[in-house]
Amino acid sequence: MALIGLKATPFAVVTQLLGIAGAVLVLVWCIYFMGGLAWEATNKSLIFNIHPVLMLIGLIIIGGEAIISYKTLPLRKETKKVIHMVLHAIALVLGIVGISAAFKYHNESSIANLYSLHSWLGITIIVLYGIQWIYGFIIFFYPGGPSTLRNDSLPWHVLFGLFVYILAVGNAMLGFLEKLTFLENSGLAKFSSEALLVNFTAVVTVLFGTFVIFTVLSQPIVEDDHSYSPI
Ligand code: HEM
Ligand code: HEM
């Protein structure tokens, strides 16, 4: 989808910088301010901390890289398809492990599951992401659908993929807001470094998502094939 005449290069560069910044910020928050990450721990908060790290670095950042890979890599279409597919698989697995960490934290702390808007949208997103991956795999990769079905599916794949991705970025906003509200309710000062850091991480996340979309809407860096033919 190249709706704007500008080249993807500057958008892609900004996307990479924002991705690195977002990954560093969420790690600083969860490791330095919130005490670190652990799958097994008596301090159950450390189990929760895995959740924002894997959702942001996995689903949002690696998922975003998967989406822009068609526009940013100077490679053959077949190669880019494999990279797109593998990066989305990594994003999906990290997303599933990240959500499992939130459930594990709730279960071991006797907190109810799935009570919030964030958690309802979260489950919806991961299920839709999984369906999108399986459909993409079967139709575009193996065994591959008949060419009419591939052609007809492609615009829906793009539309649905962008919808799920934008929903995921929006839901990460709800997650940051929810966690910061919990922390402030238990005493964190509103203008403390940690509170500012969380809001700033969320701003970087929404900008990253925005630049992923800008990159998708712009012209591929290398015009090596007919963009948008469902091979
Ligand atoms: C798009 C990415 C995300 C998805 C798909 C997602 C999904 C989920 C799901 C399904 C739960 C429910 C777990 C349960 O009921 O036991 C949950 C819980 C939670 N998540 Fe996320 N999450 C995402 C990103 C984030 C981020 C970046 C934060 C920031 C800190 C966050 C904070 C929370 C909090 C505080 C909870 C516990 C309270 C609740 O269940 O709403 N999430 N998340
Ligand atoms: C096995 C998994 C997948 C396969 C085989 C696959 C395949 C493809 C193919 C062939 C294209 C067309 C590229 C072009 O002609 O320019 C494409 C584009 C796209 N895919 Fe996937 N896909 C998969 C998973 C996903 C997932 C999970 C998402 C998002 C949640 C997604 C989002 C997109 C988007 C947004 C585009 C448009 C990119 C652009 O226009 O630059 N895909 N995919």
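Residue numbers (UniProt numbering): 1 to 231.
Every residue gets a Cβ at the ideal spot worked out from N, C-alpha and C, and that includes glycine.
With hydrogens ignored, establish whether the beta-carbon of residue i is closer than 7 Å to any heavy atom of ligand 1.
| i | result |
| --- | --- |
| L56 | yes |
| I125 | yes |
| Y142 | no |
| E178 | yes |
| S116 | yes |
| H157 | no |
| I90 | no |
| G122 | yes |
| G161 | no |
| N199 | no |
| H84 | no |
| N185 | no |
| S192 | no |
| residue 255 | There is simply no residue 255 to check, as the chain begins at 1 and stops at 231 in what is shown. |
According to DSSP, which residues form a beta bridge with residue i?
| i | result |
| --- | --- |
| K44 | Looking at the DSSP assignment, K44 forms no beta bridge with any residue, so it has no partner. |
| Q219 | K7 |
Please tell me whether, using a cut-off of 7 Å, the distance from the CB of residue i to the nearest non-hydrogen atom of ligand 2 is below it.
| i | result |
| --- | --- |
| I67 | yes |
| L75 | no |
| V216 | yes |
| V169 | no |
| W39 | no |
| G98 | no |
| V222 | no |
Alpha helix (DSSP H) containing residue i: first to last residue?
| i | result |
| --- | --- |
| S119 | 117 to 136 |
| G58 | Premise fails: G58 is in no alpha helix (DSSP H) and is neither H nor E. |
| I83 | 77 to 108 |
| N171 | 147 to 185 |
Give me the Cβ distance between residue i and residue j, rounded to the nearest whole Å; I'm assuming they're in contact under 8 Å.
| i | j | result |
| --- | --- | --- |
| G98 | M55 | 5 Å |
| L87 | I62 | 6 Å |
| A91 | L46 | So it is not a contact: roughly 23 Å between Cβ atoms. |
| K81 | F141 | 7 Å |
*Please determine if the segment 67 to 77 and the segment 8 to 28 are in contact, where contact requires at least 3 C-beta pairs separated by less than 8 Å.*
yes
*Flag this pair as touching only if the segment 116 to 128 and the segment 141 to 152 have three or more C-beta atom pairs under 8 Å; answer yes or no.*
no
*Between the segment 155 to 172 and the segment 197 to 213, do at least 3 Cβ pairs fall closer than 8 Å?*
yes
_When you compare the segment 192 to 210 with the segment 19 to 32, are there three or more beta-carbon pairs, one atom per stretch, that lie closer than 8 Å?_
yes
*Would the segment 20 to 40 and the segment 186 to 201 be scored as touching if the rule is three or more Cβ pairs under 8 Å?*
Cβ pair count under 8 Å is three or more, so yes.
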